[in-house]
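Visitor: So the protein sequences, as listed, match chains H and R.
Under our numbering, the first sequence has 204 at position 204, and the numbering climbs by one with no breaks.
Under our numbering, the second sequence has 208 at position 208, and the numbering climbs by one with no breaks.
Every residue, glycine too, gets a C-beta built ideally from N, C-alpha and C.
Fair warning: this is a prediction, and the values are worked out from it, not measured in the lab.
What follows is a structure written as structure tokens; I'll ask about it next.
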Amino acid sequence: MIFHPRIRHVASRGPVFIGQGPILSTFVSLSRNIDGFQFPGTASANILESAAELGLAALHHDDVRRLLPSMFQIRYELLTASDRELLVERELLERGRTDVAPCRVFVCAEDGSASVLMNGDDHLWLHMTAPGAAFRELWDRMSALESALARHLRFAFHPRLGYLTSSSSLVGTGLRITFLIHLPALGLSGRRKKILENIKDAGLAAEPYFPVDGKAAGNLYLISNRTTLGEREEDLGMRLTEVVTAISREEERTRAELITRQRLLFLNACGRAYGLLRNTYLIPTSEALDALSIMKLGADSGVFRHFSRQDWAELLLECQPAHLCCKKNMNLSPVERGEYRATCFRERLHGPAPAPGSPDAADS
Amino acid sequence: MLCQICRANPATIHIQEIVNGEENTLHICTECAKKRNLVEENSVNSHFHEMLERLTKAIANSADLKLAELFDTKKTQEEDESEDLACSVCGTTFKSYKKTGKLGCPTCYEQFGQLIFPELALIHHGSVHSGKTPPETVEQWQDPAVSERISLRSELERLCKSLDESIRREEFELAAELRDRIAAIDAELKSAELIPDESAPEEPPKKTRARGRRKSS
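Now the structure itself:
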């Protein structure tokens, strides 16, 4: 078996990237270390085992458990490489944390909305996801979880520097807020690059969600904060939300302009993307994501009336490598994945082709 | 973030270079970039960065903290020497921190304090934490079993260091005694399954069957 039963169970849950409009999802993570223990990068196995045990004891307290519904825990070395890849694809695990290291433990809520990694870069990495722009809601949940844990764990804290983390880029609040955003129209208009450069100068980071040769396959970007010291969590979240909302509004305005001024080209692109996915027999991830991006643009604009955001979000996850292997329950080579991905698309889009009517301004 | 050259203006140009496989990032202001011929005088980018710099300067001036005044960030000979400074708890050196941006333990922040505070002010929004704070009372040590295992592991750490030391000094009788004590504590710790892996979920979701049942009832 290449997937842990618990991870298969998480993979069977619905997709999280289903926000209405360009902002698809919000992720919030918090890094904490236990006072009196060396950080995982330098600590011995004994210290790490003690830190993991303390962390788990705190997580099993009743007041913490009720904030992580039906949570389960797995020692990291029992997760296969495919398990870890799948967790990354569902944004439950950081991209750089897929290597196996001693005394790492992965804890996850059964509904896949929250996870905890123990002994990653820091002793505790708390992570939560929600569809759409949902910083306020996520922060309320995350803050409650952190406060509950802080009643049972003494976190490493400095009166001037705040919470101490192994990386100086996280010291202070230890908070990383990330938005997954879909920007196809700004890409077509040629203004996306400049907008993303501007936000980098405002202390934020913009990186491709699925980088291929330095470009973002599927026009998907992750926008997150780079600073954690000197700003309250709520203020940082509001500032980031304002920036992302402004970009989202600009994307929507550009979409409306594109549909009005270049209607034929827009319908043609939507129809060709649908045709590619409906009839393909071998398709790599990046090409699939690019076509799905246009499909989403069409669905949001009312071109594909029978293709919902939910359908799109399911396909976005299903077409990624680890999800394909999980569905087939076997390891697949890149070519086998390309073939199986194409099969999945043909099966999902087997109905009559949606007639491209006049596109609405937005999905109601 | 302040310019790494003049340490006075906000950095609006970020230059990344890779020399012999080592990645370096330089955060500088337009003025310093011009002085070093890093931007063309009349390019579009230059005007854009100037505009951005005016904007960020206005924000920085309105903030309570004037970082350049708070810290004398000019590199001194003492700072050069301090690169060899190592944390007494974990052994992390200031040099390795400068290379990786990673610290080894909470004590590193205390021991490298005056050296890293200006660095932190440069890469962050400010230099003083203003977010959540921990509660005053923490019931960390209330579980006696957990407490005992943690003290056993600390003892194990101490004995392992003593064992290495006794071997180095060729005190083999002491080393044999320490080895036996280590083996005993090790066995005691291993007897308890501390972090059990949880079994498969009891009932995986089967959407179609559930729907069928609802229809028939």
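1) With distance defined between alpha-carbon atoms, name the residue in R151(H), R136(H) and L124(H) nearest to P134(R).
2) How many Å lie between E251(H) and T42(H) at the Cα?
3) When the cut-off is 8 Å and only beta carbons count, does S115(H) lie next to chain R?
4) Identify each residue in the stretch 84 to 95 of chain H for which the Cβ-Cβ distance to at least one residue of chain R is less than 7 Å, and report them in chain order.
5) G162(H) and L30(H) look like a contact to me (Cβ under 8 Å); what is the Cβ gap, rounded to whole Å?
6) Tell me which same chain residues have a C-beta within less than 8 Å of the C-beta of V64(H), skipping the five on either side of it?
7) Quick check on N46(H): buried or exposed, where buried means 16 or more other Cβ atoms within 10 Å of its Cβ?
8) Which whole-angstrom value is the C-beta distance of F27(H) and T228(H), which I expect to be below 8 Å?
9) Can you look up M330(H) in the DSSP assignment and give me helix, strand or coil?
10) May I ask which residues mark the beginning and end of the alpha helix (DSSP H) holding V10(H)?
11) Within 10 angstroms of its Cβ, does E231(H) collect 16 or more other Cβ (buried), or is it exposed?
12) Based on the DSSP output, what are the partners of M238(H) in its beta bridges?
13) Tell me K98(R)'s beta-bridge partners as DSSP assigns them.
14) Nearest to I199(H) by CA position, among Q4(R), T12(R), C6(R) and I5(R), is which residue?
15) Can you tell me where the beta strand (DSSP E) holding L117(H) begins and where it ends?
16) Applying a beta-carbon distance threshold of less than 9 Å, which residues of chain H neighbour T12(R)?
17) Using the C-alpha atoms, what's the distance from S151(R) back to Y221(H)?
18) Just to make sure I have the definition right: I need the residues of chain H whose C-beta is within less than 8 Å of the C-beta of I150(R). Which are they?
19) Comparing the C-beta of S130(R) with each C-beta of chain H, is any distance below 8 Å?
20) Where does E136(R) sit, in a helix, a strand or coil, going by DSSP?
21) Between which two residues does the beta strand (DSSP E) holding S130(R) run?
22) Is H125(R) helix, strand or coil by DSSP?
23) In chain H, which residues lie less than 8 Å from E157(R) when you measure between Cβ atoms?
24) What does I123(R) reach in chain H if we use C-beta pairs closer than 9 Å?
25) With a threshold of 16 other CB atoms inside 10 Å of the CB of N61(R), please say whether the residue is buried or exposed.
26) Have a look at the DSSP bridge pairing and note the partners of A185(H).
27) State yes or no: is the beta carbon of N119(H) nearer than 8 Å to at least one beta carbon in chain R?
28) Which value, in whole angstroms, describes the spacing of the CA atoms of P159(H) and D122(H)?
29) Measuring straight from C-alpha to C-alpha, what distance separates C325(H) and Y209(H)?
30) Please confirm if T173(H) has its CB atom under 8 Å from at least one CB of chain R.
31) So with Cβ pairs under 8 Å, would you call M51(R) a contact of chain H?
32) Expressed to the nearest angstrom, what Euclidean distance is found between the alpha-carbon atoms of R255(H) and F94(R)?
33) Which residues in chain R sit within 8 Å of Q378(H), going by Cβ to Cβ distance?
34) Does E347(H) come within less than 8 Å of chain R when only Cβ atoms are used?
35) Assign V335(H) to one of two classes, buried (16 or more other C-beta atoms within 10 Å of its C-beta) or exposed (fewer than that).
36) Checking contacts by CB at 8 Å: is S166(R) closer than that to chain H?
Guide: The short version:
1) R151(H)
2) Straight through space, the alpha carbons of T42(H) and E251(H) are spaced by roughly 45 Å.
3) no
4) none
5) Incorrect: roughly 12 Å between the Cβ atoms, too far for contact.
6) A58, L145, A148, L149 and H152
7) buried
8) Between T228(H) and F27(H) the Cβ distance is about 15 Å, and since that is not below 8 Å, they are no contact.
9) coil
10) P5 to A11
11) buried
12) Beta-bridge annotation (DSSP): M238(H) is not paired with any residue.
13) The partner list for K98(R) (beta bridge, DSSP) is empty, contrary to what the question assumes.
14) T12(R)
15) A114 to M118
16) D201
17) Answer to the nearest angstrom: the Cα atoms are 46 Å apart.
18) Within 8 Å Cβ-Cβ: S50, E53 and L54.
19) yes
20) coil
21) Looking at the DSSP string, S130(R) is not in any beta strand (DSSP E), and its letter there is neither H nor E.
22) coil
23) Contacts between E157(R) and chain H, judged by CB atoms closer than 8 Å, involve S44, N46 and I47 in chain order.
24) Per Cβ cutoff of 9 Å: S168, S169, R226, T227 and L229.
25) Legend: pLDDT at N61(R) = 46, less than 50; position of this residue unreliable, value from coordinates given subsequently. Taking all protein chains in view, the Cβ of N61(R) is surrounded by fewer than 16 other Cβ atoms within 10 Å, so the residue is classified as exposed.
26) BP columns for A185(H) are empty, so no partner.
27) With 8 Å as the cut-off, N119(H) does not count as an interface residue toward chain R.
28) Pairing P159(H) with D122(H), the inter-Cα distance amounts to about 19 Å.
29) When rounded, the distance between both Cα atoms is 20 Å.
30) yes
31) Residue placement at M51(R) cannot be trusted, given a pLDDT of 49 that sits under 50; what the coordinates show is reported in the next sentence. Answer no: the Cβ-Cβ gap between M51(R) and chain H never drops below 8 Å.
32) 50 Å
33) No information on residue 378(H) is available, as it lies outside the stretch 1 to 364 that chain H covers here.
34) no
35) Its Cβ having fewer than 16 others within 10 Å, V335(H) is exposed.
36) no
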